[in-house]
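What follows is a short report on a single structure.
Residue numbers (this note's numbering): 1 to 597.
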């Protein structure tokens with residue numbers, strides 16, 4: 001080999017990097033851990049994706065590891081069983097005897113007198129209650145488990161106990177047997193027809209879908225769709241007064257279910273009530289997503305949804321600012337928007353003068369019974385399924401919420417429909433509840449992980465939304481918020497937390513009833529409900545402190561809201577047309593998106 005050829009080879013090597021084997025850092029421990037975690041996730045996702053059995057197994061192991069506490073509870077059970085033995089003897093001999101164990105006040109399964117008057121049926125009821133109450137108490141008192149783990153164990157065990165209640169089966173339900181005899185079997189025939197109809201519908205129906213039709217006997221308030229994009233239709237309602245307040249009201253409805261919960265029938269319609277108060281109302285009607293909306297994100301819902309409806313209302317009316325209200329997840333979106341807008345525009349340029357929240361969570365640390373579905377494994381299972389389809393099925397979401405109150409939202413309809421042969425009664429709220437919507441993958445996965453799982457909204461600048469790090473502490477606009485005493489979806493003490501996180505004047509209302517009926521709460525005589533109301537004087541005030549200083553009032557909170565809102569909504573001006581040249585009518589209210597299956 002010549003010197004020249006060696007020099008040439010050297011030049012070639014310097015001009016072009018010589019190939020060398022890449023260095024591979026092999027860490028056996030990490031590889032093993034990764035593979036074990038993958039195997040664990042795969043098995044868990046196949047066998048117990050929602051984490052039903054694990055908490056119960058943990059509770060059983062915890063009790064075995066605490067024999068002293070187990071003995072104490074066994075003694076308590078033995079005491080109840082001894083009382084029950086004496087009660088059984090008295091009933092067998094025909095002597096009067098008070099039930100040693102009574103159903104909980106909200107348990108109406110055994111309300112029929114036969115469960116008390118007939119000794120045989122009374123004993124079936126009492127033995128069932130003895131074991132179920134003691135099992136539930138033990139699970140809630142399980143030593144060595146976190147509060148969340150105990151609640152999860154009690155929840156899933158309670159679902160099984162509810163399912164095997166004697167009221168749910170023909171041969172152990174005296175009312176069903178009596179109806180079968182009285183009707184010569186017709187109740188069973190009708191029950192079988194109801195069963196087939198439920199099977200065809202893919203759910204246990206709470207009302208007959210044929211009794212209602214959106215746009216005909218639901219959501220009938222006159223108005224027009226004046227804007228439409230891929231995510232929403234904006235509906236502007238026809239004013240009912242000759243004069244209206246200059247600044248409009250914009251309602252951000254939840255995209256879980258459909259907007260017309262606020263416009264069911266005229267006598268229950270919040271929309272109609274606002275119009276009669278001389279307010280100009282715009283509302284969101286969200287698109288029911290399909291697979292093509294797989295990548296629609298929460299940022300899109302904020303910018304193409306919340307920001308868009310606010311912009312449309314401002315341009316339509318010529319007002320500089322609007323008065324926004326948000327319900328449930330729509331309220332959470334509004335809270336995030338307010339934090340985003342205060343950062344993006346600066347507090348003086350925010351296009352919302354004040355805001356109202358209806359049963360809205362911003363702090364998800366204790367989200368109520370829904371927490372049984374919130375852990376890494378459950379959310380991974382749900383998001384993997386959504387990713388494949390592009391969305392979460394509406395029926396899947398509805399089933400989860402119904403499972404939270406299985407006795408009142410599932411088994412009572414099974415008993416009355418299948419065993420008694422009764423047709424579901426027409427009920428507008430229940431029809432709306434069955435009219436489900438889907439959730440796009442990207443948005444809902446973000447919502448579950450960032451808010452429910454990691455609770456990042458309460459931490460300053462922990463979330464970046466639409467290009468801005470957000471903090472609820474930046475919000476200074478006045479807030480009026482409403483919660484519900486019996487809300488199992490957004491517990492009132494947790495919804496109150498917004499008052500500890502935002503700055504500015506705040507007024508808080510706590511209404512009787514639950515997540516829906518506390519809000520759909522029209523003024524009636526005599527009043528059906530009551531509410532507690534008071535201003536929040538300082539961010540440090542707790543929910544308990546506020547409750548002790550709030551004033552209790554009979555009736556609906558709607559007039560109190562109007563007393564707060566209307567003085568802020570600008571002077572009275574001539575009512576505007578429902579549509580105009582810049583925003584022509586694209587469809588009459590309730591629009592087209594709401595009609596999509």
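From the three backbone atoms N, C-alpha and C, an ideal C-beta is built for every residue, glycine too.
>> One question on the structure: do residue 80 and residue 130 come within less than 8 Å of each other, judged by their Cβ atoms?
In response: yes
>> I'd like the list of long-range same chain contacts for residue 600, defined as Cβ closer than 7 Å, with 5 residues on each side in sequence excluded.
In response: This structure leaves residue 600 out entirely; the chain is present only between 1 and 597.
> Near residue 598, what residues of its chain come up, given a Cβ to Cβ distance below 6 Å and the 5 sequence neighbours on each side ignored?
Replying inline: Limits of the chain in this structure are 1 at one end and 597 at the other, which puts residue 598 out of reach.
> Are the Cβ atoms of residue 392 and residue 370 separated by less than 8 Å?
Replying inline: no
> Buried or exposed: where does residue 230 fall if 16 or more other Cβ atoms within 10 Å of its Cβ makes it buried?
Replying inline: exposed
>> Quick check on the DSSP output: the beta strand (DSSP E) that includes residue 327 runs from which residue to which?
In response: 322-327
> Once you ignore the five residues that flank residue 24 on each side, which residues in its own chain have a CB closer than 7 Å to its CB?
Replying inline: In this prediction, residue 24 scores a pLDDT of 49, lower than 50, which makes its location untrustworthy; the coordinate-derived value is nonetheless stated afterwards. Excluding positions up to five away in sequence, the list is empty.
> If you run the structure through DSSP and keep just helix, strand and coil, what is residue 475?
Replying inline: If DSSP states are grouped into helix, strand and coil, residue 475 belongs with coil.
> For the putative contact between residue 263 and residue 219, defined by C-beta atoms under 8 Å, what is the C-beta separation to the nearest angstrom?
Replying inline: Separation of the CB atoms of residue 263 and residue 219 is rounded to 5 Å, and the pair is thereby assigned contact status at 8 Å.
>> As a quick exercise: from 290, 418, 274, pick the residue whose alpha carbon is nearest that of residue 283.
In response: 274
>> Excluding the 5 residues flanking residue 203 on each side, which residues of the same chain have their C-beta closer than 8 Å to its C-beta?
In response: 395, 398, 399, 434
> How big is the Cα-Cα spacing for residue 228 and residue 586?
Replying inline: 8 Å
> Which one of 520, 595, 524 has the shortest CA to CA distance from residue 271?
Replying inline: Taking only the C-alpha atoms, the option nearest residue 271 is 520.
> Cα-Cα, which of 428, 123, 194 is closest to residue 91?
Replying inline: 123
> In angstroms, rounded to a whole number, what distance separates the CA positions of residue 515 and residue 89?
Replying inline: Taking the straight line from one Cα to the other gives about 45 Å.
> Which residues share a DSSP beta bridge with residue 233?
Replying inline: Note: residue 233 sits in a beta bridge opposite 228, 285.
> Under a three-way DSSP split, which group does residue 416 fall into?
Replying inline: helix
> Just checking my contact of residue 347 with residue 247 at CB under 8 Å: how many whole Å lie between their CB atoms?
Replying inline: 18 Å between Cβ atoms; not a contact.
> Among all the DSSP beta bridges, which residues are the ones paired with residue 587?
Replying inline: According to DSSP, residue 587 shares a beta bridge with 225.
>> Quick check on DSSP: helix, strand or coil for residue 483?
In response: strand
> In or out: residue 551 buried (at least 16 other Cβ within 10 Å) or exposed?
Replying inline: exposed
> Name the DSSP bridge partner or partners of residue 554?
Replying inline: 530
>> With a threshold of 8 Å, are at least 3 pairs of Cβ atoms found where one atom belongs to the region 103-121 and the other to the region 69-78?
In response: no
> Where DSSP assigns a beta bridge to residue 496, which residues make up the other side?
Replying inline: Per DSSP, none; premise fails for residue 496.
>> Could you check whether the Cβ of residue 219 sits closer than 7 Å to any heavy atom belonging to the ligand SAH?
In response: In the structure shown, the ligand SAH is absent, as is every other ligand, since no ligand is present at all.
> Rounded to the nearest angstrom, how far is the Cβ of residue 134 from that of residue 87, given a contact under 8 Å?
Replying inline: With 8 Å as the limit, residue 134 and residue 87 do not qualify as a contact, their Cβ atoms being about 16 Å apart.
> Using a Cβ-Cβ cut-off of 6 Å (strictly less than) and excluding sequence neighbours within five positions of residue 137, which residues of its own chain qualify?
Replying inline: Scanning its chain for C-beta atoms nearer than 6 Å, with the 5 sequence neighbours on each side dropped, one finds no residue around residue 137.
> residue 469 by DSSP, collapsed to three states: which one?
Replying inline: strand
>> To test your reading of the DSSP string, which unbroken alpha helix (DSSP H) runs of 4 or more residues are found completely within the region 384-452?
In response: 394-404, 428-434, 441-446
> beta strand (DSSP E) containing residue 155: first to last residue?
Replying inline: Under the DSSP assignment, residue 155 falls outside any beta strand (DSSP E), being part of the alpha helix (DSSP H) whose first and last residues are 147-163.
> Is the beta carbon of residue 207 less than 8 Å from the beta carbon of residue 425?
Replying inline: The beta carbons of residue 207 and residue 425 sit closer together than 8 Å.
>> Measuring straight from C-alpha to C-alpha, what distance separates residue 476 and residue 352?
In response: 11 Å
> What do you get for residue 221, buried or exposed, if any count of 16 or more other CB atoms within 10 angstroms of its CB means buried?
Replying inline: buried
> Which residues mark the beginning and the end of the alpha helix (DSSP H) in which residue 546 is found?
Replying inline: It spans 543-549 - the alpha helix (DSSP H) in which residue 546 sits, taken as one unbroken run.
>> Out of 158, 65, 153, 50, which one is the CA nearest neighbour of residue 411?
In response: 158
> Is it a yes or a no for the region 437-444 touching the region 373-390, going by three-plus beta-carbon pairs under 8 Å?
Replying inline: yes
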